[in-house]
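Visitor:
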Amino acid sequence: MHQESAWMNSSLFLEWFHDCFVPEVKKNLKKLELKKAILLMDNATAHPDVETLKAENITCIFMPSHTTTILQPMDQDVIESMKRRYRKQLPSKLPFEGDDDEEEAACPIVQFSKALTLKDCVNMINEGWESVPEHALKRFWRKLAPYLENLDQSNDSDSVTIRDCNPAPISIL
Numbered sequence: 001m002h003q004e005s006a007w008m009n010s011s012l013f014l015e016w017f018h019d020c021f022v023p024e025v026k027k028n029l030k031k032l033e034l035k036k037a038i039l040l041m042d043n044a045t046a047h048p049d050v051e052t053l054k055a056e057n058i059t060c061i062f063m064p065s066h067t068t069t070i071l072q073p074m075d076q077d078v079i080e081s082m083k084r085r086y087r088k089q090l091p092s093k094l095p096f097e098g099d100d101d102e103e104e105a106a107c108p109i110v111q112f113s114k115a116l117t118l119k120d121c122v123n124m125i126n127e128g129w130e131s132v133p134e135h136a137l138k139r140f141w142r143k144l145a146p147y148l149e150n151l152d153q154s155n156d157s158d159s160v161t162i163r164d165c166n167p168a169p170i171s172i173l
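Residues in the sequence shown are numbered consecutively from 1, following UniProt numbering.
1) Would you call the CB atoms of L40 and V25 closer than 9 Å?
2) Pick helix, strand or coil for A55, following the three-state DSSP scheme.
3) Assuming K93 contacts F62 (C-beta within less than 8 Å), just tell me the rounded distance between them.
4) For the alpha helix (DSSP H) that contains L118, what are its first and last residues?
5) Let me know the secondary structure DSSP gives M41 once reduced to three states.
6) When you compare only the Cα positions, how much space is there between N43 and D49?
7) Just tell me which of S11, S10 and R142 has its CA closest to the CA of D77.
8) Does the structure place the segment 7 to 17 close enough to the segment 30 to 37 that three or more beta carbon pairs sit under 8 Å?
9) Mind checking who I61 pairs with in its DSSP beta bridge?
10) Leaving out five residues before and five after M8 in sequence, what residues of the same chain have Cβ atoms less than 8 Å from its Cβ?
11) Find out if the Cβ-Cβ distance for the pair V132, S81 is shorter than 9 Å.
12) Using DSSP with H/G/I as helix, E/B as strand and the rest coil, what is M82?
What follows is the structure in structure tokens.
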């Protein structure tokens with residue numbers, strides 16, 4: 001589906017959800033011998049309502065309004081860690097061997113930028129995400145945990161509720 005503005009919309013999101021996200025999550029659930037998964041989403045206009053995001057053993061829930069300050073540790077800790085790891089990979093991908101073209105051999109960045117594909121970038125982002133330390137993820141979830149209910153209940157309910165809360169600074173552990 002062509003999207004001239006390169007912005008996400010509901011149609012693209014639904015396509016991604018059903019064609020990419022759901023199959024990958026199901027594969028990982030099976031591999032890890034887990035039963036259920038949760039997709040937490042903000043209230044972006046591109047996200048369709050939760051009723052259209054139905055998939056077996058995958059529950060989609062929207063974060064309540066005014067949770068930016070609660071989720072800030074995700075941006076500051078986990079996502080920043082992934083970005084650092086992604087950026088660290090870029091220099092290692094630069095070609096340093098000479099090329100027949102003297103101009104390109106003199107400037108490996110030009111050669112690199114011509115050869116770099118979107119797939120390369122996505123793979124580097126994936127490698128960056130995979131290398132985020134587990135302790136960073138655990139630290140984020142500990143900060144979010146006071147707002148999650150039913151997280152430790154061992155029933156078969158698909159219900160995990162996020163309590164409404166007043167945004168307040170969260171202490172950094």
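Glycine residues also receive a C-beta, built at the ideal position from the N, C-alpha and C atoms.
Guide: If we stick to the structure as given:
1) no
2) strand
3) About 37 Å; that fails the 8 Å criterion.
4) L118 to E130
5) strand
6) 9 Å
7) Checked all of S11, S10 and R142; the closest Cα to D77 is R142.
8) no
9) Residue pairing of I61 in beta bridges, as defined by DSSP: L40.
10) A44 and A46
11) yes
12) Helix.
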